[in-house]
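K.L.:
Protein chains in written order, with numbering that gives the first Met the number 0: chain E, 0 to 378; chain W, 0 to 378. Where a beta carbon is used, it is the ideal one built from N, C-alpha and C, also for glycine. The model shown is predicted, which means the values in this text are computed figures rather than measured ones. Below you will find the structure I want to go over with you.
2 protein chains.
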Amino acid sequence: MKSINRRTFNNKLAKGVLGTAMLGHMPIACGMAAGQDNKKLGIALVGLGSYSEGQLAPGLVNAEHCYLAGIVTGTPAKEKEWMERYDIPKANVYNYENFDSIAENDAIDIVYVVLPNSMHAEFCIRAAKAGKHVICEKPMAVSVAECDAIIEACEHANVKLSVGYRMQSDPFTNEVKRLVKEKTFGDVTYVSSDASYISRGNPDQWRLNRALSGGGALLNMGVYAIQSNIYGTGTNPISVSAQEFSTRPDYFKETDETIMAQMKFPNGAVGQLCTSHNARGNRLYVSCTDGWIELNPCHSYGPLAGRTSDGNKISFPHKSQQMLQMDDFAQHIKTGSTNFAPGEMGKRDMIIVEAIYQSIREGGKTIPLDLGDMGIVRA
Amino acid sequence: MKSINRRTFNNKLAKGVLGTAMLGHMPIACGMAAGQDNKKLGIALVGLGSYSEGQLAPGLVNAEHCYLAGIVTGTPAKEKEWMERYDIPKANVYNYENFDSIAENDAIDIVYVVLPNSMHAEFCIRAAKAGKHVICEKPMAVSVAECDAIIEACEHANVKLSVGYRMQSDPFTNEVKRLVKEKTFGDVTYVSSDASYISRGNPDQWRLNRALSGGGALLNMGVYAIQSNIYGTGTNPISVSAQEFSTRPDYFKETDETIMAQMKFPNGAVGQLCTSHNARGNRLYVSCTDGWIELNPCHSYGPLAGRTSDGNKISFPHKSQQMLQMDDFAQHIKTGSTNFAPGEMGKRDMIIVEAIYQSIREGGKTIPLDLGDMGIVRA
Chain E
0 MKSINRRTFN NKLAKGVLGT AMLGHMPIAC GMAAGQDNKK LGIALVGLGS
50 YSEGQLAPGL VNAEHCYLAG IVTGTPAKEK EWMERYDIPK ANVYNYENFD
100 SIAENDAIDI VYVVLPNSMH AEFCIRAAKA GKHVICEKPM AVSVAECDAI
150 IEACEHANVK LSVGYRMQSD PFTNEVKRLV KEKTFGDVTY VSSDASYISR
200 GNPDQWRLNR ALSGGGALLN MGVYAIQSNI YGTGTNPISV SAQEFSTRPD
250 YFKETDETIM AQMKFPNGAV GQLCTSHNAR GNRLYVSCTD GWIELNPCHS
300 YGPLAGRTSD GNKISFPHKS QQMLQMDDFA QHIKTGSTNF APGEMGKRDM
350 IIVEAIYQSI REGGKTIPLD LGDMGIVRA
Chain W
0 MKSINRRTFN NKLAKGVLGT AMLGHMPIAC GMAAGQDNKK LGIALVGLGS
50 YSEGQLAPGL VNAEHCYLAG IVTGTPAKEK EWMERYDIPK ANVYNYENFD
100 SIAENDAIDI VYVVLPNSMH AEFCIRAAKA GKHVICEKPM AVSVAECDAI
150 IEACEHANVK LSVGYRMQSD PFTNEVKRLV KEKTFGDVTY VSSDASYISR
200 GNPDQWRLNR ALSGGGALLN MGVYAIQSNI YGTGTNPISV SAQEFSTRPD
250 YFKETDETIM AQMKFPNGAV GQLCTSHNAR GNRLYVSCTD GWIELNPCHS
300 YGPLAGRTSD GNKISFPHKS QQMLQMDDFA QHIKTGSTNF APGEMGKRDM
350 IIVEAIYQSI REGGKTIPLD LGDMGIVRA
């Protein structure tokens with residue numbers, strides 16, 4: 000890891016020179032001393048769908064350590080609008096064909112892949128090969144094998160990798176982690192999370208197309224519920240069982256509508272989750288020996304809300320989760336600070352996803368898991 | 000059923016005569032016109048454990064339609080204390096051997112069996128044979144076969160039967176039923192309930208002894224979670240799967256520690272529950288197409304609390320659930336009003352309990368259920 004840090008530092012020095020020519024995009028903080036640590040890193044968003052448009056790009060406007068430097072889109076009509084709205088030079092605009100030439104563009108430090116799930120692996124690997132740090136939107140991919148390929152490509156290219164797990168940078172999530180870690184309410188015995196919404200939109204959307212999504216509610220929202228079971232206990236599950244429910248097969252033709260899963264944790268806690276594209280559910284409940292912790296809403300863009308059994312509220316000023324997430328990753332690149340959502344975390348969750356699908360195929364059988372501390376980040 | 004009502008009415012007339020000699024126990028309401036409908040019915044508690052002592056007897060003090068008329072105990076030392084505290088005449092005190100002679104005691108209208116689960120069937124049947132109306136504490140018994148035997152005994156003796164499901168008379172529960180029935184938040188799509196507490200007490204308590212309890216968390220608390228899944232959707236499940244978790248086998252030697260179950264309902268809703276003797280959990284979440292309903296706490300003695308997705312609270316003045324439950328049953332006997340917890344309801348829940356244990360034995364397999372509207376009370 001030392002060599003990666005050195006490489007990153009050298010990169011930063013090199014880009015700092017360019018930075019002086021692009022001050023509008025890369026403000027140098029006042030009082031900056033040695034080095035270029037406060038230079039904002041340039042992010043290119045790959046895929047300009049609703050998440051990029053509604054969350055990532057607006058989040059970057061106020062980010063401290065990174066900014067929206069470029070776009071990669073398959074829809075030429077979007078180019079002009081985005082260039083104007085975010086002051087993006089033409090030189091930083093790519094399509095899916097010429098994307099690999101981004102390697103030559105030193106204004107781009109990070110490539111954030113926000114494409115349909117089945118395209119994550121290809122574009123993350125191409126980004127790594129172009130020498131760019133990579134953020135891969137969740138779910139990391141549609142198989143564990145693809146996660147491995149992404150991780151390997153990033154390691155081989157000596158670039159940093161994180162998964163678009165915005166919750167890992169959210170203060171509500173981190174407050175739960177703190178309360179669990181410090182055993183404020185004793186030992187965790189039971190955790191329950193729901194991550195669901197009701198989908199009634201365009202039946203041709205990519206999320207309902209297995210070839211593009213790789214799965215339904217479990218891949219889209221279920222990874223949040225898996226994550227909150229894990230940060231709610233502070234440990235990885237040692238087994239999982241699961242069930243699938245279908246009530247609107249005409250709409251959910253190819254992808255899972257509702258999945259429930261149950262997990263056992265090594266510290267004696269048990270957990271369950273429900274994820275659905277046909278229900279509301281946005282909750283986390285962490286039950287401890289001496290009390291409980293609750294978030295509701297828990298997995299949405301905020302403002303979130305929480306409370307504990309002692310009658311206190313969990314409350315923080317609202318900030319863009321996406322801004323916090325990308326700033327955390329930029330700082331990780333710049334200073335070697337914690338990577339709150341490393342590739343191993345995305346891979347671990349995909350291992351659990353595959354075990355859940357296996358359990359469903361095998362009629363609800365309990366599937367043992369041997370994850371150790373994979374993907375557990377103890378900040 | 001007509002004949003039962005007639006018989007009950009005749010009984011009441013007969014007992015009204017006695018009532019005048021026992022005004023201290025059976026106050027006649029002012030303004031009472033024809034008949035003896037406002038005479039309080041006499042209840043005998045069978046088993047003077049903590050639930051009788053802490054909940055049922057105090058609940059009866061303020062009941063409007065019934066009162067604590069007698070006791071049946073296997074502990075002679077308790078007799079004097081109870082007689083004094085509740086002004087119970089010696090003639091209304093029985094032990095388990097002479098219990099059947101209660102048939103000759105017209106001061107006792109209702110026998111409430113509050114013994115360990117495996118003793119419910121025997122004493123409910125003996126009570127029915129003695130010509131007394133019966134309240135059987137939950138769970139109704141330790142098998143469906145025993146439920147059938149109790150129901151048959153009560154039908155044969157022409158006496159009324161209800162299960163000690165206090166929640167069915169609770170205003171919070173009934174508010175959820177109303178909101179579900181009136182589709183205030185649209186159609187129910189998902190329901191989740193927890194009914195759990197952490198048991199660390201005397202390892203020799205009867206609840207941990209399978210011969211007396213018939214099972215662990217599922218029989219004790221799980222029936223509440225089953226009930227709230229059912230009243231949360233307004234329908235019986237059409238299938239169930241389940242898992243058992245054990246983390247403290249030294250303490251839970253013979254009985255289930257934690258069980259999770261998943262259900263499908265005929266109206267398209269899905270449900271899950273967790274019941275445990277090793278976790279806190281006292282919640283109901285009903286997720287509908289246009290909003291949600293939540294109770295927390297949900298299954299305890301109150302005061303309960305609830306809220307809905309529109310920001311409103313569910314709130315009622317606190318009353319003893321047990322008082323409401325016994326008054327509802329007394330009114331059912333006196334006037335033919337709704338029996339909110341009939342024997343069929345207890346039997347239905349035991350069918351689900353047996354299916355849950357079957358699913359666990361069969362590795363989490365989904366067990367189909369063919370319950371129709373069994374035990375559903377639409378008031």
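(1) Note down, one range per segment and in chain order, each beta strand (DSSP E) of at least 3 residues found wholly within the stretch 215–265 of chain E.
(2) Roughly how many whole angstroms lie between the Cα atoms of T307 (chain E) and D147 (chain E)?
(3) Give me the residue from W:I359, W:Q204, W:A268 and W:H317 with the minimum Cα distance to G58 (chain W).
(4) Drop a sphere of 10 angstroms on the beta-carbon of E169 (chain E), count the other beta-carbons inside from all chains shown, and report buried for 16 or more, exposed for fewer.
(5) Of all the residues that make up the stretch 289–317 of chain E, which are near chain W by a beta-carbon distance shorter than 7 Å?
(6) How about H132 (chain W): is its Cβ closer than 7 Å to a heavy atom in the ligand SAM?
(7) Should K182 (chain E) go down as buried or exposed, given a rule of 16 or more other Cβ atoms within 10 Å for buried?
(8) Once you ignore the five residues that flank Y189 (chain W) on each side, which residues in its own chain have a CB closer than 6 Å to its CB?
(9) In this structure, how does DSSP classify C153 (chain E) when only helix, strand and coil are distinguished?
(10) Which residues mark the beginning and the end of the alpha helix (DSSP H) in which L47 (chain E) is found?
(11) One question on the structure: do H119 (chain W) and E136 (chain W) come within less than 8 Å of each other, judged by their Cβ atoms?
(12) Quick test of the definition: if touching needs 3 or more C-beta pairs under 8 Å, does the stretch 187–201 of chain W touch the stretch 266–284 of chain E?
(13) Using 8 Å as the limit for Cβ to Cβ distance, is E257 (chain E) near chain W?
(14) Are the C-beta of R377 (chain W) and some C-beta of chain E separated by less than 8 Å?
(15) If I'm right that T72 (chain E) touches N97 (chain E) with Cβ under 8 Å, what's the distance once you round it to whole angstroms?
(16) Any beta carbon from chain E within less than 8 Å of F435 (chain W)'s own beta carbon?
(17) So which residues of chain E does I366 (chain W) contact, with C-beta pairs closer than 7 Å?
(18) Which residue from W:N228, W:T365, W:D369 and W:S198 puts its Cα closest to that of V179 (chain W)?
(19) Quick check on S319 (chain W) - is its C-beta less than 8 Å from some C-beta in chain E?
(20) Please list, in chain order, the chain E residues whose beta carbon lies closer than 8 Å to that of I403 (chain W).
(21) Using DSSP's beta-bridge definition, name the partner residues of V71 (chain E).
(22) Should R347 (chain E) be labelled buried (16 or more other beta-carbon atoms within 10 Å of its own) or exposed?
(23) Could you pull out every residue in the same chain whose Cβ sits closer than 6 Å to the Cβ of R282 (chain E), ignoring the five residues on either side in sequence?
(24) Taking the straight line between their C-alpha atoms, what separation do you get for G342 (chain W) and S161 (chain W)?
(25) What span of residues does the beta strand (DSSP E) with D193 (chain W) cover, start to end?
(26) Does the Cβ of K252 (chain W) have 16 or more other Cβ atoms within 10 Å, making it buried, or fewer, making it exposed?
(27) Using a Cβ-Cβ cutoff of less than 6 Å, which residues in the same chain neighbour E63 (chain W) once the five nearest sequence positions on both sides are dropped?
(28) Measure from the C-beta of I27 (chain W) to each C-beta in chain E and report whether the shortest distance is under 8 Å.
(29) Taking all protein chains shown into account, decide if P202 (chain W) is buried (16 or more other Cβ within 10 angstroms of its Cβ) or exposed.
(30) Just to confirm before moving on: does the CB-CB distance between M258 (chain E) and L217 (chain E) stay below 8 Å?
(31) Compare the C-beta of R279 (chain W) against all C-beta atoms of chain E and say whether one is closer than 8 Å.
(32) How would you label G23 (chain E), buried or exposed, when you count the other beta carbons within 10 angstroms and need 16 or more for buried?
(33) So I359 (chain W) packs on A210 (chain W), CB below 8 Å; how close in whole Å?
(34) At the 8 Å Cβ level, is D327 (chain W) part of the contact set with chain E, yes or no?
(35) Which runs of the alpha helix (DSSP H) at least 4 residues long sit entirely within the stretch 104–173 of chain W? Give them in chain order.
(36) Have a look at A32 (chain E) and T334 (chain E) and give me their C-alpha separation to the nearest angstrom.
P.N.:
According to the structure shown:
(1) 238–244 and 257–263
(2) 38 Å
(3) W:H317
(4) Reading the sequence as shown, one finds Asp at residue 169 (chain E) and not Glu. When all chains shown are included, D169 (chain E) counts as buried.
(5) W291
(6) Absent from the structure shown: the ligand SAM. Ligands present: none.
(7) exposed
(8) V269 and S286
(9) helix
(10) Careful: L47 (chain E) lies outside any alpha helix (DSSP H) and carries neither H nor E.
(11) yes
(12) yes
(13) According to the sequence shown, residue 257 (chain E) is Thr rather than Glu. Taking Cβ atoms only, chain W reaches closer than 8 Å to T257 (chain E), which makes this a yes.
(14) no
(15) 11 Å between Cβ atoms; not a contact.
(16) This structure cannot settle anything about residue 435 (chain W), because the visible part of chain W is limited to 0 through 378.
(17) Simply none; closest approach about 10 Å.
(18) W:N228
(19) no
(20) Past the edges of chain W, shown from 0 to 378, lies residue 403 (chain W), and the structure says nothing about it.
(21) E:V45 and E:Y93
(22) buried
(23) D193, N295 and C297
(24) 5 Å
(25) V187 to I197
(26) exposed
(27) D326
(28) Its pLDDT being 40, under 50, I27 (chain W) is placed unreliably in this model, and the value from its coordinates should be taken loosely. Not an interface residue.
(29) exposed
(30) According to the sequence provided, residue 258 (chain E) is Ile. The question's Met does not apply to it. Their beta carbons are under 8 Å apart, which means I258 (chain E) touches L217 (chain E) by this criterion.
(31) yes
(32) Note that G23 (chain E) scores 39 on pLDDT, short of 50, meaning its location in the model is unreliable; the coordinates nonetheless yield the value given after this. Exposed.
(33) With a Cβ gap of about 20 Å, I359 (chain W) and A210 (chain W) do not count as contacting.
(34) no
(35) 119–128 and 143–156
(36) In this predicted model, A32 (chain E) has a pLDDT of only 40, less than 50, meaning its place in the structure is not dependable; the value taken from the coordinates is given anyway. Going by the C-alpha atoms only, they are around 14 Å apart.
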